[in-house]
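A short write-up of the structure that comes next.
Residue numbers (our numbering): -7 to 107.
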């Protein structure tokens, strides 16, 4: 028969004759788990920020470069209207290329191979 005294004296399901010193501590410190998704998302965020920085840097200086590059005197660079047209075409290609990239990523290469 089991007495109430033997049930209360047994800590955490240990037999009543076991000593506390022989058992392992209940709070074993564990190494913190690193979340893999956090690292991947951080990497993608940094890459996207660098891509936007590059785009806006080129877009802002492209028209000035096209107008001022080239020879000297009257033959220097493009006309302002031509430089603006080339810059606008560059913007259009930049914004539309994401559709081609999305199609290739979703249908041809796969999500993980693209990243």
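Glycine included, C-beta positions come from ideal geometry on N, C-alpha and C.
Could you give the distance in angstroms between the alpha-carbon of residue i and the alpha-carbon of residue j?
i, j, result
"residue 52", "residue 78", "13 Å"
"residue 81", "residue 26", "44 Å"
"residue 43", "residue 66", "36 Å"
"residue 63", "residue 75", "16 Å"
Could you tell me if residue i is buried or exposed, where buried requires 16 or more neighbouring beta carbons within 10 angstroms of its beta carbon?
i, result
"residue 29", "exposed"
"residue 37", "exposed"
"residue 92", "exposed"
"residue 96", "exposed"
"residue 72", "exposed"
"residue 58", "buried"
Looking at the unbroken alpha helix (DSSP H) that takes in residue i, where does it start and where does it end?
i, result
"residue 51", "28 to 60"
"residue 105", "103 to 106"
Using three-state DSSP, classify residue i as helix, strand or coil.
i, result
"residue 68", "strand"
"residue 22", "coil"
"residue 94", "helix"
Exercise for review: State whether the region 45 to 59 contacts the region 81 to 93, with contact taken as three or more CB pairs (one from each stretch) at a distance under 8 Å.
Suggested key: With a cut-off of 8 Å, the region 81 to 93 and the region 45 to 59 count as touching, because enough Cβ pairs lie within range.
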